[in-house]
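In UniProt numbering, the protein residues as written are 1 to 197. Just so you know, even glycine gets a beta-carbon here, dropped at the ideal spot from N, CA and C.
In structure tokens:
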């Protein structure tokens with residue numbers, strides 16, 4: 001049974017957390033990235049599919065390569081960020097299910113059905129991308145998720161050797177610069193987009 005977290009944790013994860021457009025000086029290390037991953041991998045996916053494939057961009061060369069795939073104001077954000085990540089999805093995730101979900105023959109659920117695999121890969125890698133945001137926040141980092149990029153360019157640049165992997169979304173992360181954000185956009189009240197049947 002879970003234990004409710006305190007108000008400070010809720011603020012860090014949700015209420016005062018923001019999407020950042022710029023970051024304060026400071027580095028993100030491989031150790032920091034592994035700590036984020038060790039948390040996010042614990043989030044649930046259907047039948048433990050774990051379809052997300054992450055490319056962590058720490059070097060300036062990697063960030064420049066990703067920036068070259070981005071659109072609008074995103075290239076500058078990526079180049080200047082301490083780190084960025086590409087959240088991909090493996091359309092052949094089912095090949096890993098014999099060890100990820102050994103309780104039954106889950107691989108057979110997806111063989112010969114690429115549309116079903118794509119649906120599951122997208123849904124569950126989106127969850128894993130959200131777990132990245134929450135894990136980073138929980139460890140004191142700020143994030144800047146974005147979808148302004150050319151998917152074909154990202155896939156050619158980062159997944160050329162993995163033809164079954166497609167990009168879902170990308171994000172920058174580091175210690176957010178408060179000067180880089182504007183006032184929080186509106187959030188709907190419960191009654192606007194919810195109903196209880």
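- One Cα belongs to residue 158, the other to residue 134, and the distance between them is close to 24 Å.
- Per DSSP, the continuous beta strand (DSSP E) segment holding residue 56 begins and ends at 52-57.
- Of all C-beta pairs linking the stretch 57-74 to the stretch 143-157, three or more are shorter than 8 Å, placing the two stretches in contact.
- With contacts defined by Cβ atoms closer than 8 Å, residue 138 and residue 173 do not form a contacting pair.
- According to the DSSP assignment, residue 144 belongs to the beta strand (DSSP E) that extends over 142-146.
- Under the three-pair Cβ rule at 8 Å, the stretch 90-99 does not count as touching the stretch 179-189.
- For residue 61, the enclosing alpha helix (DSSP H) starts and ends at 60-67.
- Within the same chain, Cβ atoms closer than 7 Å to the Cβ of residue 116 are found at 110, the five residues on either side in sequence being excluded.
- Burial check for residue 190: the Cβ neighbour count within 10 Å stays below 16, so the residue is exposed.
- In this structure residue 63 does not touch residue 87 by the C-beta definition: roughly 15 Å separates them, more than the 8 Å allowed.
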